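Asker:
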Amino acid sequence: MRQLISIRVVAVAIGLFFALSVLWALVRGIGPGFSNLAEYGQFTEPNVEQAFHKHPNHYDFSFDGPVGNWDVGQLQRGLKVYDEVCSACHSLKFVAFRDLAELGLTPGQIKAFAAKHQVPGVDKNTGEATTVPGLPTDYFPSPYPNEIAARAANNNAVPPDLSLMTKARHDGTNYVVSLLTGYQKQPAELLKRFPEAKTPPGLHYNPYFANLNIAMPPPLHTDGQVTFDDGAPSDIKSMAEDVAAFLTWTAEPKLVKRRQTGWPVVIFLIFATGLAYMSKQQVWAAVKPKKAA
Amino acid sequence: MSFPWAKEYQPQHPLMRYMDEKLPLPRLVYNAVGAGYPVPRNLSYFWNFGVLAGFFLVFQIVTGVVLAMHYAANSTVAFSSIEHIMRDVNWGWLLRYAHANGASFFFIVVYIHIFRGFYYSSYKAPREMIWLLGVVIFLLMMATAFMGYVLPWGQMSYWGAKVITSLFGAIPLAGEAIEVWLLGGYAPDNASLNRFFSLHFLLPFVILGVVILHIWALHIPGSSNPTGVEVKDESDTVPFHPYYTAKDGFGLGVALVLFFILVFFLPNYLGHPDNYIEANPLSTPAHIVPEWYFWPFYAILRAFTQDIFFIPAKLMGVMAMFSAILMWFFLPWLDRSPVRSGHYRPLFRKFFWFGLIPTMALLFYCGGAPAEEPYVMLSQIATAYYFLHFLVVLPIVSMVEKPEPLPNSITEAVLGSDKTMVKGEAADPAV
Ligand code: HEM
Numbered sequence: 001m002r003q004l005i006s007i008r009v010v011a012v013a014i015g016l017f018f019a020l021s022v023l024w025a026l027v028r029g030i031g032p033g034f035s036n037l038a039e040y041g042q043f044t045e046p047n048v049e050q051a052f053h054k055h056p057n058h059y060d061f062s063f064d065g066p067v068g069n070w071d072v073g074q075l076q077r078g079l080k081v082y083d084e085v086c087s088a089c090h091s092l093k094f095v096a097f098r099d100l101a102e103l104g105l106t107p108g109q110i111k112a113f114a115a116k117h118q119v120p121g122v123d124k125n126t127g128e129a130t131t132v133p134g135l136p137t138d139y140f141p142s143p144y145p146n147e148i149a150a151r152a153a154n155n156n157a158v159p160p161d162l163s164l165m166t167k168a169r170h171d172g173t174n175y176v177v178s179l180l181t182g183y184q185k186q187p188a189e190l191l192k193r194f195p196e197a198k199t200p201p202g203l204h205y206n207p208y209f210a211n212l213n214i215a216m217p218p219p220l221h222t223d224g225q226v227t228f229d230d231g232a233p234s235d236i237k238s239m240a241e242d243v244a245a246f247l248t249w250t251a252e253p254k255l256v257k258r259r260q261t262g263w264p265v266v267i268f269l270i271f272a273t274g275l276a277y278m279s280k281q282q283v284w285a286a287v288k289p290k291k292a293a
Numbered sequence: 001m002s003f004p005w006a007k008e009y010q011p012q013h014p015l016m017r018y019m020d021e022k023l024p025l026p027r028l029v030y031n032a033v034g035a036g037y038p039v040p041r042n043l044s045y046f047w048n049f050g051v052l053a054g055f056f057l058v059f060q061i062v063t064g065v066v067l068a069m070h071y072a073a074n075s076t077v078a079f080s081s082i083e084h085i086m087r088d089v090n091w092g093w094l095l096r097y098a099h100a101n102g103a104s105f106f107f108i109v110v111y112i113h114i115f116r117g118f119y120y121s122s123y124k125a126p127r128e129m130i131w132l133l134g135v136v137i138f139l140l141m142m143a144t145a146f147m148g149y150v151l152p153w154g155q156m157s158y159w160g161a162k163v164i165t166s167l168f169g170a171i172p173l174a175g176e177a178i179e180v181w182l183l184g185g186y187a188p189d190n191a192s193l194n195r196f197f198s199l200h201f202l203l204p205f206v207i208l209g210v211v212i213l214h215i216w217a218l219h220i221p222g223s224s225n226p227t228g229v230e231v232k233d234e235s236d237t238v239p240f241h242p243y244y245t246a247k248d249g250f251g252l253g254v255a256l257v258l259f260f261i262l263v264f265f266l267p268n269y270l271g272h273p274d275n276y277i278e279a280n281p282l283s284t285p286a287h288i289v290p291e292w293y294f295w296p297f298y299a300i301l302r303a304f305t306q307d308i309f310f311i312p313a314k315l316m317g318v319m320a321m322f323s324a325i326l327m328w329f330f331l332p333w334l335d336r337s338p339v340r341s342g343h344y345r346p347l348f349r350k351f352f353w354f355g356l357i358p359t360m361a362l363l364f365y366c367g368g369a370p371a372e373e374p375y376v377m378l379s380q381i382a383t384a385y386y387f388l389h390f391l392v393v394l395p396i397v398s399m400v401e402k403p404e405p406l407p408n409s410i411t412e413a414v415l416g417s418d419k420t421m422v423k424g425e426a427a428d429p430a431v
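These protein sequence lines map, in sequence, to chains A and B. Quick note, in UniProt numbering, the first sequence goes up one by one and the last residue is 293. Quick note, in UniProt numbering, the second sequence goes up one by one and the last residue is 431.
(1) For Val265/A, would you say it is in contact with chain B, using Cβ-to-Cβ distances shorter than 8 Å as the test?
(2) Within the continuous alpha helix (DSSP H) that includes Pro133/A, where are the two ends?
(3) Name the DSSP beta bridge partners of Gly154/B, please?
(4) What are the boundary residues of the alpha helix (DSSP H) that Leu218/B is part of?
(5) Within the 8 Å Cβ cut-off, does Gln306/B reach chain A?
(6) Could you check what DSSP says for His55/A in three-state terms: helix, strand or coil?
(7) For the alpha helix (DSSP H) that Ala96/A lies in, which residues bound it at each end?
(8) Nearest to His389/B by CA position, among Met327/B, Ala35/B, Pro221/B and Met319/B, is which residue?
(9) Beta-carbon within less than 6 Å of Gln334/B's beta-carbon, same chain only, minus the 5 sequence neighbours each way: which residues are those?
(10) Determine contact between the region 90-97 of chain A and the region 128-147 of chain A, defined as no fewer than three beta-carbon pairs at a distance below 8 Å.
(11) Can the beta-carbon of Asp161/A be found less than 8 Å from the beta-carbon of His90/A?
(12) Take Gly102/B as the anchor and find which of Arg127/B, Leu57/B and Val136/B has the nearest alpha-carbon.
(13) Does chain B have any CB closer than 8 Å to the CB of Gly262/A?
(14) From Glu252/A to Glu241/A, what distance separates their C-alpha atoms?
(15) According to a CB-to-CB cut-off of less than 8 Å, which residues of the region 138-170 of chain A neighbour chain B?
(16) On a Cα-Cα basis, can you pick out the residue from Leu94/B, Arg336/B, Ala98/B and Tyr385/B that is closest to Leu356/B?
(17) For chain A, is any of its Cβ atoms less than 8 Å away from the one on Trp333/B?
(18) Quick check for students: name the residue ranges of the alpha helix (DSSP H) that lie wholly in the region 126-191 of chain A, counting only runs of 4 or more.
(19) Considering only DSSP beta bridges, list what Tyr205/A is partnered with.
(20) Roughly how many angstroms separate the alpha carbons of Val48/A and Lys314/B, rounded to a whole number?
(21) Does Lys247/B have its Cβ less than 8 Å from a Cβ in chain A?
(22) Mind checking which residues open and close the beta strand (DSSP E) that includes Gln118/A?
(23) Between Phe94/A and chain B, is the shortest Cβ-Cβ distance under 8 Å, so that the two count as touching?
(24) Could you tell me whether any Cβ in chain A is nearer than 8 Å to the Cβ of Ala320/B?
(25) Using a cut-off of 8 Å between C-beta atoms, extract the partners of residue 433/B located in chain A.
(26) Could you work out which residues of chain A lie near Val93/B, taking near to mean beta carbons separated by less than 7 Å?
(27) What are the boundary residues of the beta strand (DSSP E) that Pro358/B is part of?
(28) Per DSSP, what kind of secondary structure is Asp88/B in: helix, strand or coil?
(29) Since Val238/B contacts Val39/B with CB under 8 Å, what's their CB separation in whole angstroms?
(30) What is the DSSP secondary structure of Val238/B, counted as helix, strand or coil?
(31) What residues in its chain sit with their C-beta under 6 Å from that of Gly117/B, if we drop five residues either side in the sequence?
(32) Check the C-beta distance from Tyr82/A over to Phe228/A and give it rounded, since I have them as a contact under 8 Å.
(33) Would you call Ala168/A buried or exposed, if buried means 16 or more other Cβ atoms sit within 10 Å of its Cβ?
(34) I want to see whether chain B comes within less than 8 Å of Ile110/A, judged by CB atoms only; does it?
(35) If we define contact as Cβ-Cβ less than 8 Å, is Ser35/A a contact residue for chain B?
(36) What is the DSSP secondary structure of Ile300/B, reduced to helix, strand or coil?
The following block contains the structure:
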């Protein structure tokens, strides 16, 4: 018994020690002597990003919601935007040309599409590294031979691979549209409040980008920049939406199949759970106290 | 051991009689989850969560073993091997989403299981050993989940590994050496990834072993129940099968419906977008956050922002974070109230609902938030209460509180004082 009392005395002492230490930290506040938090992420004073960063706007897509489906025409247009514009700087390394069958391209079209792209290969005669026309089994190539070349061409920023982009940003699909259509002049108010935050030369102000100044020049700048074969509108917003839809597909090609599998599974489970509930009720009927008896 | 009125296994078929003689496995099952195991008749749905935890443990092992057939534990290809699983392996996307969300569900289920234990003080004698083994399981689960999250080698994998292993660096003198030893280098790299994969494969089987001990220990006193009054005679119990097999079956159904809604419709909801960016040692994410189930303890870790005497702030945070769980080991001896169930403990109940629960909610919230005000302040307040609750409030409340009157027996609690049901009737199912 005496031992047990001392366990509790020790416990109370330890409890008070931790509680008082943390309250001491609370009272002292996070002053300049603050050391611990920086380890777990940047500790930021109120700054220009917090004041002017914008969350993505909402755009409607055919694949929204639990029963949404791809708009194959839109995905093909998005592919065209990627191919004619974005692929100048961005790779798509997890997508193979053969995957385009899911966008409704025929084997012949895929072969032709692949052959239009140069992929890394070996010269059959000399054995030297070179580029060769792509095959359906090849993956979308990177426009740059390596990271240094990518940096050199883009004001010291590397254009990231776009395969997973819509999953690698919060609210990714909407983010891509917002980013592509969000280029603007720096607000006068920003310059007034944070004069030192003027967009440096070579960067572009975009409030949807995390640190507001992005190295990517506005890739979609002119209405009609890409001509769509199906006659769909090609203003900047439409092109942005189409390429965002396409990048949603590249990030999660199984999106629609996933939901279509999900419905029967969940409905079956609800049904089975209903049966389980009924059998549970029946099993328990005999031992349950009778109500109002 | 079980209650004297437990039914005995009587094999009917000659083959089963033969088995019973040579290897009484069917008898073991009969006595563990069959008609041979009497269980209090008044268990609420909170007593479903142990079985649910067992289900998700097996589920994680099965999906994990198949994932391991396609995954490559090498830092140059780990990230793309995950994408290979998501894109090229038949049903690979389902397998991976099921395993990732299965871990989350496992934690949801186990958190409810633990908080059931807090409210009904299931940790008290004679069930201390069940509880102690439970805390060991929880620690092993956290280690397993942490290492599993490193495997996809995304940005959060990498930086999470770096932050967590750097915690060991706070240990005086040996810290840095331990950190290097854990990682197999000065920063997370191929050596770290390989050992994490090896351990992540191993630990679930260790957990399985401890779970077997946990259930073995449980079967000695049997389950407690919402009244906390011990079983007195046969009318207090029903045989596990068919009563609790039926009830657990229903509970499992509900859990699976919720689980598969998450897997099929919101598979990335609990994840972090940064983990779809491949690990890059040169680019630190703006905010490093672990998986949601670590948030309360991450909040405690970050709440200590001042040195205390000669103890650096970081070391304080690390000590507090580990103590926050390790102190659960001592609960059976800190809470001295003779009454188990919170239903009959007015003061304890107030501290539980208005102290512990909001504190946990706050810690969850702050642990996932960036390391800035007001979150730091909130987590400091919550952390203070968290320690006070277990180490100061609980021992004192259990000494001064006057519990409400308990029912004389489980049967009385279920049926009211007029016993309309005679002894023994409860033992026969209606089917
Ligand atoms: C892999 C994880 C776990 C599994 C599979 C598991 C399994 C079980 C099962 C099947 C039961 C009986 C049914 C029930 O009361 O819900 C049980 C009871 C119990 N578990 Fe766990 N458990 C796990 C983790 C834990 C943890 C982490 C703790 C506490 C830290 C814990 C504490 C307890 C206690 C105290 C009981 C007895 C409850 C009572 O009789 O009132 N368990 N466990």
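Glycine included, each C-beta is placed from N, C-alpha and C at the ideal position. Since we're looking at a predicted model, the values are computed, not measured.
Answerer: Result, derived from the coordinates:
(1) Counted from its first residue, the first sequence places residue 265/A at position 265. Interface residue, yes.
(2) The count along the first sequence starts at 1 and reaches residue 133/A at position 133. Per DSSP, Pro133/A belongs to no alpha helix (DSSP H); it is in the beta strand (DSSP E), Ala129 to Pro133.
(3) Numbered from 1 along the second sequence, position 154 holds the residue referred to as residue 154/B. Paired residues: Glu278/B.
(4) Indexing the second sequence from 1 puts residue 218/B at position 218. It spans Asn190 to Leu218 - the alpha helix (DSSP H) in which Leu218/B sits, taken as one unbroken run.
(5) Taking the first residue of the second sequence as position 1, residue 306/B is located at position 306. Interface criterion met: the Cβ of Gln306/B is under 8 Å from a Cβ in chain A.
(6) Along the first sequence, one-based indexing puts residue 55/A at 55. If DSSP states are grouped into helix, strand and coil, His55/A belongs with coil.
(7) Within the first sequence, the letter at position 96 stands for residue 96/A. Not the alpha helix (DSSP H): Ala96/A falls in the beta strand (DSSP E), residues Leu92 to Ala96.
(8) Translated into the one-based positions of the second sequence, residue 389/B becomes position 389. Cα-wise, what sits closest to His389/B is Met327/B.
(9) Here residue 334/B is taken as the residue at index 334 of the second sequence, counted from 1. In the sequence as presented, Gln is not what sits at residue 334/B; that position holds Leu. In its chain, beyond the 5 residues on either side, Leu394 and Pro395 have a beta carbon closer than 6 Å to the beta carbon of Leu334/B.
(10) The region 90-97 of chain A and the region 128-147 of chain A touch, with no fewer than 3 CB-CB distances between them shorter than 8 Å.
(11) Position 161 of the first sequence, counted from the first residue, corresponds to residue 161/A. Position 90 of the first sequence, counted from the first residue, corresponds to residue 90/A. Taking 8 Å as the cut-off, the beta carbon of Asp161/A is found closer than this to the beta carbon of His90/A.
(12) Numbered from 1 along the second sequence, position 102 holds the residue referred to as residue 102/B. Measuring from the Cα of Gly102/B, the nearest candidate turns out to be Leu57/B.
(13) Taking the first sequence and counting its residues from 1, the one referred to as residue 262/A is at position 262. Yes, because at least one Cβ of chain B sits closer than 8 Å to the Cβ of Gly262/A.
(14) The residue labelled residue 252/A in the question sits at position 252 within the first sequence. The residue labelled residue 241/A in the question sits at position 241 within the first sequence. A direct Cα-Cα distance of roughly 16 Å separates Glu252/A from Glu241/A.
(15) So the close ones are Pro160, Ser163, Leu164, Lys167, Ala168, Arg169 and His170.
(16) Indexing the second sequence from 1 puts residue 356/B at position 356. For Leu356/B, the closest C-alpha among the options Leu94/B, Arg336/B, Ala98/B and Tyr385/B is that of Tyr385/B.
(17) For this step, residue 333/B is matched to residue 333 along the second sequence. Output row for Trp333/B: interface = yes.
(18) Counting only runs of 4 or more, we get 147-153, 165-168 and 172-181.
(19) To locate residue 205/A, count along the first sequence from 1; it is residue 205. Asn213/A.
(20) As a working note, residue 48/A is residue 48 in the first sequence. As a working note, residue 314/B is residue 314 in the second sequence. Rounded to whole angstroms, Val48/A to Lys314/B spans 29 Å at the Cα level.
(21) Working through the second sequence from its first residue, we reach residue 247/B at position 247. Among the residues facing chain A, Lys247/B is included, as its CB has a counterpart in that chain under 8 Å away.
(22) Within the first sequence, the letter at position 118 stands for residue 118/A. For Gln118/A, the enclosing beta strand (DSSP E) has its first and last residue at Gln118 to Val122.
(23) Counted from its first residue, the first sequence places residue 94/A at position 94. At a cut-off of 8 Å between beta-carbon atoms, Phe94/A makes contact with chain B.
(24) Along the second sequence, read from residue 1 onward, the residue named residue 320/B stands at position 320. Yes, Ala320/B counts as interfacial toward chain A.
(25) Because chain B in this structure spans residues 1 to 431, residue 433/B falls outside the shown range and cannot be described.
(26) By 1-based counting over the second sequence, the position of residue 93/B is 93. Looking at the sequence provided, one finds Trp at residue 93/B rather than Val. Within 7 Å Cβ-Cβ: Lys254 and Arg258.
(27) On the second sequence, residue 358/B is found 358 positions in, with the first residue counted as 1. Premise fails: Pro358/B lies in the alpha helix (DSSP H), Ile357 to Gly368, not in any beta strand (DSSP E).
(28) As a position in the second sequence, residue 88/B is number 88, starting the count at 1. Coil.
(29) As a working mapping, residue 238/B is identified with position 238 in the second sequence. As a working mapping, residue 39/B is identified with position 39 in the second sequence. In this structure Val238/B is in contact with Val39/B, their Cβ atoms being roughly 6 Å apart against a cut-off of 8 Å.
(30) To locate residue 238/B, count along the second sequence from 1; it is residue 238. Strand, per DSSP.
(31) Position 117 of the second sequence holds residue 117/B. Here the set comprises Tyr123.
(32) Within the first sequence, numbered from 1, the residue matching residue 82/A stands at position 82. Within the first sequence, numbered from 1, the residue matching residue 228/A stands at position 228. That belief does not hold up - the Cβ atoms of Tyr82/A and Phe228/A are roughly 13 Å apart, past 8 Å.
(33) For the purposes of this step, residue 168/A is taken as residue 168 along the first sequence, with counting starting at 1. Its Cβ being crowded by 16 or more others within 10 Å, Ala168/A is buried.
(34) Reading the first sequence from its first residue, position 110 is the one you call residue 110/A. Not a single CB atom of chain B sits nearer than 8 Å to the CB of Ile110/A.
(35) Working through the first sequence from its first residue, we reach residue 35/A at position 35. Per-residue confidence for Ser35/A stands at a pLDDT of 49, beneath the threshold of 50, marking its modelled position as unreliable; the derived number appears in the next sentence. Answer yes: the Cβ-Cβ gap between Ser35/A and chain B drops below 8 Å somewhere.
(36) The sequence position of residue 300/B within the second sequence is 300, counting from 1. Looking at Ile300/B - three-state DSSP - the assignment turns out to be helix.
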